[in-house]
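Trainee:
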């Protein structure tokens, strides 16, 4: 913001709309705006004939946001220069920013590493030793950038090879502009949705990893699909070792009163709609023989249509609470519960829910 501009104090600046040249200047600070930026600005601002009222701050913010949304960055990998230039022209006329064109797969990979486009249009058959499918596999593994294949070949073997790289779409030569644009727009939308899902998954996993309870999730067969660090510590089994193993193999839970194996909480959760809560005093025996008093809740995972996907178990270490309870009972004979015990229980629950 230029010092002294009326926009900085919240007052609108006048921009003449009758200028014969393709630019507009804020009359307060002489900041230049392109005609297209003015035209695309919301028409909700107060106007007079020949004058558009605008603030520099609002226009800059709107223009930058509009550019970010309206100009997806594309990299074209195509060894036929006429096809590549035609595609570039068509994309630019539709508001796409073509960052560059590569004829060779090896060159394309290096350029894409540098420029990191939003989407890649990749010809399958290219000059050089590496074809587009191999290059796409490298790009997907290393950078995860969405790729749309451009090809004149639609035979089954080519398509089957291409499918292994999980492309976001196909454009068959000779192509028509509406088809190209629709394929790219769908691919970009799909990539944006997948990014949101990944971000949501990371957020959920971070939250689960930071809570004070051990969390184990299984599929419908009771095989472990996820364990958080607390569950690893309680069971003494690393998540990598536990994945796809039956949960019953890593959960050695005994009843303290009978010293016998307790019922499998995952198995029970898969059989009922209700959330299961442990009632007896239970002992979890870790892989190294460490014994801890625990309590748990378990429930099956299902959607709104009651399709079952598995079960989740939350285990809480209550060893410290049990030791304090037993100490208090020795100090205060005949008292099974005291206000202090109730306070300790409440404090443990508060810690576990943080």
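Numbering (the numbering used here), first residue to last: 441 to 794. Where is the CB? At the ideal position from N, CA and C, for every residue including glycine. Note that the structure is predicted; figures quoted are calculated from it, not measured.
(1) Count the other CB atoms, across all protein chains shown, that sit within 10 Å of the CB of residue 474; report buried if there are 16 or more and exposed otherwise.
(2) When the Cβ atoms of the region 608-617 are set against those of the region 586-594, are three or more pairs found closer than 8 Å?
(3) Identify every residue that forms a DSSP beta bridge with residue 514.
(4) Which first and last residues belong to the alpha helix (DSSP H) in which residue 767 is found?
(5) Would you report the Cα separation of residue 689 and residue 675, rounded to the nearest angstrom?
(6) I want to know whether the region 715-734 touches the region 622-638 - three or more CB-CB distances under 8 Å.
(7) For the beta strand (DSSP E) that residue 667 lies in, which residues bound it at each end?
(8) Leaving out five residues on either side along the sequence, give the residues of the same chain with a beta carbon under 8 Å from the beta carbon of residue 588.
(9) Assign residue 757 to buried or exposed, taking buried as 16 or more other Cβ atoms, counted over all protein chains shown, within 10 Å of its Cβ.
(10) Apply the 10 Å Cβ neighbour rule to residue 740 and answer buried if 16 or more other Cβ atoms are within range, or exposed otherwise.
(11) Going by DSSP in three states, residue 592 sits in which element: helix, strand or coil?
(12) Residue 654 lies in the beta strand (DSSP E); which residues open and close that run?
(13) Can you tell me the Cα-Cα spacing of residue 635 and residue 570, whole angstroms?
(14) Just the Cα atoms here: how many angstroms apart are residue 429 and residue 585?
(15) Given that a residue counts as buried once 16 or more other Cβ atoms are within 10 Å of its Cβ, and exposed if not, what is residue 604?
(16) From this set, 743, 548 and 530, which residue's C-alpha is nearest residue 566's C-alpha?
(17) Can you tell me whether DSSP reads residue 565 as helix, strand or coil?
(18) Taking 8 Å as the cut-off, does the region 664-671 touch the region 696-703 (at least 3 CB pairs, one atom from each stretch)?
(19) What did DSSP end up calling residue 739 once you bin it into helix, strand or coil?
(20) Compare the C-alpha of residue 748 against each of 661, 598 and 555 and name the closest.
(21) Taking the C-alpha atoms as reference points, what is the distance between residue 759 and residue 734?
(22) What residue ranges within the region 674-713 form continuous alpha helix (DSSP H) runs of no fewer than 4 residues, ordered along the chain?
Mentor: The relevant details are as follows:
(1) Interpretation of residue 474 is limited by its pLDDT of 43, a score under 50 that renders its predicted location unreliable; the figure taken from the coordinates is listed afterwards. With fewer than 16 other Cβ atoms inside 10 Å of its own Cβ, residue 474 counts as exposed.
(2) yes
(3) 538 and 559
(4) 759-771
(5) Between residue 689 and residue 675, the C-alpha separation is close to 10 Å.
(6) no
(7) From DSSP, the beta strand (DSSP E) with residue 667 extends over 664-667.
(8) 559, 560, 561, 562, 607, 608, 609, 610, 611, 623, 624 and 627
(9) Classified as buried, residue 757 has 16 or more neighbouring CB atoms from the shown chains inside 10 Å of its CB.
(10) buried
(11) The three-state secondary structure of residue 592, taken from DSSP, is coil.
(12) It spans 654-658 - the beta strand (DSSP E) in which residue 654 sits, taken as one unbroken run.
(13) 29 Å
(14) Given a span of 441 to 794 for the chain in the structure shown, any question on residue 429 remains unanswerable.
(15) exposed
(16) Of the candidates 743, 548 and 530, the one whose C-alpha sits nearest the C-alpha of residue 566 is 548.
(17) coil
(18) Output reads no: the region 664-671 does not touch the region 696-703.
(19) strand
(20) 661
(21) 7 Å
(22) 679-682, 687-690 and 705-711
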